[in-house]
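Position one of the sequence shown corresponds to residue 1116 (the numbering used here), numbered consecutively onward.
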Amino acid sequence: MPNDDLMGSLVTPQGTSRLRASALQSVRGLVAGMRRSARAIETSVGLSNAQLFLLEQMGSDGPLTVGQLARRLHVRANTVSMTVGKLVERGLARRATPSDDRRRTTVTITAAGRRVLRRAPQPPTTRLLAALDAMPPRDLRALARGLETLTRTMQLDVSRAPLMFEREPGPVANLARRARPAAILLATFGTAIASLA
């Protein structure tokens, strides 16, 4: 977080340069810290950040629809559906159709999924949302506006931002994975913060 001296020097070219350096350092630190946390999750429980976050949501709030999970992550339902499919394949979650509404499918955590949750570290997405919730509303609005401006200036399509640290399927996945961690984080931030502010 920039200090008051840094913020007060905004009107000078040197102050702007220091603010830019501070912002860049903060983004780098945030991306690096969240990436380390996501890797630790993959190493310890063999799940991605997104998979563990979805499992955590199912574990705390009971059966949820894919749409409800998508709203919690601020992404499209088809993006969540693919990740849920991976959890179902591994036996950590189960799809069910409630008898009172055959058009709706819910997803529930299994006993195996609960065992994974008990030994798993907290997902970076959960930590990020908790930190955003702890920010004063004024700071959160300023952060949301700043990130929206940044993602727009960088011409990032935040409406198509994938789940954080989730590998994308397809032939360009390897190239995209090397080039986009900061862009994904910023795009995800912009979308998530806009809905909170």
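Cβ atoms here follow ideal geometry from the backbone N, Cα and C, with glycine treated the same way.
query, result
"Simplified DSSP assignment, three categories, for V1190", "coil"
"8 Å CB neighbourhood of R1135 in its chain, flanking five on each side removed", "none"
"Rounded C-alpha distance that separates L1179 from R1205", "18 Å"
"E1171 and T1223 closer than 8 Å at C-beta", "no"
"Supposed close pair G1161, G1228 - CB separation, criterion 8 Å", "Between G1228 and G1161 the Cβ distance is about 12 Å, and since that is not below 8 Å, they are no contact."
"Short Cβ contact (8 Å threshold) for L1255 with L1247", "yes"
"Coil, strand or helix - R1205 by DSSP", "coil"
"Residue burial classification, L1139 (beta-carbon count within 10 angstroms, cutoff 16)", "exposed"
"Environment of Q1270 [buried if 16+ CB atoms lie within 10 Å]", "exposed"
"Alpha carbon of S1196 to alpha carbon of L1202, nearest angstrom", "10 Å"
"Supposed close pair T1198, L1169 - CB separation, criterion 8 Å", "6 Å"
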